[in-house]
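Have a look at the structure below, then the notes.
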Amino acid sequence: MAVKIDKKIKGYAVVTPEDKAKEAAKGAAPVSVVDALPTADVIQMHERIERPEILVGSTYKIKSPLFEHALYVTINDIVLNAGTEHELRRPFEIFINSKNMDHFQWIVALTRIMSAVFRKGGDVTFLVDEMKAVFDPRGGYWKPGGVYMPSLVAELGAIVEDHLKSIGLIHDPEMSDAQRALIAEKRAAYAQLSKKNSDVSNPAGDLFPEPRVADTPRSEDVEITGEGVAFPPSATMCHKCSTKAVVIMDGCATCLNCGYSKCG
Numbered sequence: 245m246a247v248k249i250d251k252k253i254k255g256y257a258v259v260t261p262e263d264k265a266k267e268a269a270k271g272a273a274p275v276s277v278v279d280a281l282p283t284a285d286v287i288q289m290h291e292r293i294e295r296p297e298i299l300v301g302s303t304y305k306i307k308s309p310l311f312e313h314a315l316y317v318t319i320n321d322i323v324l325n326a327g328t329e330h331e332l333r334r335p336f337e338i339f340i341n342s343k344n345m346d347h348f349q350w351i352v353a354l355t356r357i358m359s360a361v362f363r364k365g366g367d368v369t370f371l372v373d374e375m376k377a378v379f380d381p382r383g384g385y386w387k388p389g390g391v392y393m394p395s396l397v398a399e400l401g402a403i404v405e406d407h408l409k410s411i412g413l414i415h416d417p418e419m420s421d422a423q424r425a426l427i428a429e430k431r432a433a434y435a436q437l438s439k440k441n442s443d444v445s446n447p448a449g450d451l452f453p454e455p456r457v458a459d460t461p462r463s464e465d466v467e468i469t470g471e472g473v474a475f476p477p478s479a480t481m482c483h484k485c486s487t488k489a490v491v492i493m494d495g496c497a498t499c500l501n502c503g504y505s506k507c508g
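Using my numbering, the first residue of the sequence shown is number 245, and each one after it goes up by one.
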């Protein structure tokens, strides 16, 4: 191919194959360090994942005063990326069984919808808040431990919450040392008040007398209302932690479980 030169030639040089290679290297796009790193093939939960033959899960029992027979709630989980550092356990399906057939229709509908939400993937923790906010117009009931449940659906939400905590989807905010010290201080102060009102059956005035419930009932016997925690039977419900642990101290309602007080 002939090239016409219109200008005066001032110099020339022979282009070698090595020069061509250097020019090609300069013109190439730089390789990013991030692009050069190997990427992990992490499988996330989505609705196209097929159900495996075997799923791991847990079954929870609900004994409600609303009906005679207990409910058994089973939540099965799927394990994604098993055996790798990206192993994830996510809820896949939920079943509720009971001898009581009064609620069969809406229970089947609820479990099918919840299972579909689980298989959809993403953040499924919103189900907990939605279910725990459901109130029964006929009124709720108290669970053993002094925790108030506004409805059966709310207790189902509490079970889902406990399950999601067990597999790591929900994390409880850790109570600070200052909050723990405050609760210990409130309980100690209430113990001092109980000493002033002690009677012959409880001369020591202990907050946690032994035995906890005497043969002859006393007005301020302590009942076991939580996991290893005891509160006076005259305590009322705390609107913050939904536990019967609110007592009157120095003219102010104070919760002995979470430390909440209307007086600050």
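Even glycine gets a Cβ: it sits at the ideal position worked out from N, Cα and C.
Would you mind sorting residue i into buried or exposed? The rule is 16 or more other CB atoms within 10 Å of its CB.
i: Ala326; result: exposed
i: Arg356; result: exposed
i: Ser478; result: exposed
i: Val278; result: For Val278, the predicted structure reports a pLDDT of 47, less than 50, and the residue's modelled location is therefore unreliable. A value from the coordinates is still provided. Burial call: exposed.
i: Val457; result: Confidence at Val457 is low in this model, with a pLDDT of 45, below 50, so the placement of that residue is unreliable and no value is reported for it.
i: Thr480; result: exposed
i: Tyr434; result: buried
i: Cys482; result: buried
i: Ala402; result: buried
i: Ala296; result: Sequence inspection shows Pro at residue 296; the Ala mentioned does not correspond to that position. Exposed is the call here.
i: Val352; result: exposed
i: Thr498; result: buried
i: Ile492; result: exposed
Among the residues of its own chain, which have a CB less than 8 Å from the CB of residue i, if the five just before and after it don't count?
i: Arg333; result: Val300, Asp321, Ile322, Val323, Leu324, Ile411, Gly412
i: Lys366; result: First, the amino acid is wrong: residue 366 is Gly here, not Lys. Met289, listed in sequence order.
i: His415; result: Lys409
So, for residue i: in the same chain, excluding its five sequence neighbours on each side, which residues have a beta-carbon less than 6 Å away from its beta-carbon?
i: Leu426; result: Gly503
i: Asn344; result: Phe311, His313
i: Thr303; result: Tyr316, Thr318
i: Pro309; result: Tyr385
Measure the Cβ-Cβ separation of residue i and residue j and say whether it is below 9 Å.
i: Glu291; j: Arg382; result: no
i: Leu408; j: Val372; result: yes
i: Ala422; j: Ala398; result: no
i: Ile306; j: Leu400; result: yes
Taking 9 Å as the CB-CB limit, is residue i close to chain C?
i: Val258; result: Reference to chain C is not applicable here, since this structure consists of a single protein chain.
In terms of alpha-carbon separation, which member of the options lies closest to residue i?
i: Val404; options: Asp346, Val286, Pro335, Glu429; result: Pro335
i: Lys488; options: Asp494, Gly495, His347, Leu500; result: Leu500
i: Val286; options: Thr498, Met493, Thr328, Ile492; result: Thr328
i: Phe379; options: Pro394, Ala432, Ala428; result: Pro394
i: Asp494; options: Gly255, Lys484, Lys430; result: Lys430
Assuming residue i contacts residue j under a Cβ cut-off of 8 Å, what Cβ separation, rounded to an integer in Å, is found between them?
i: Ser505; j: Cys496; result: 6 Å
Starting from the C-beta of residue i, find all residues in its chain whose C-beta is less than 7 Å away, skip the five residues before and the five after it, and write them out in chain order.
i: Val368; result: Pro335, Val361, Phe362
i: Glu337; result: Asn320, Ser359, Phe362
i: Tyr392; result: Gly384, Trp386, Met481, Ser486
i: Asp250; result: none
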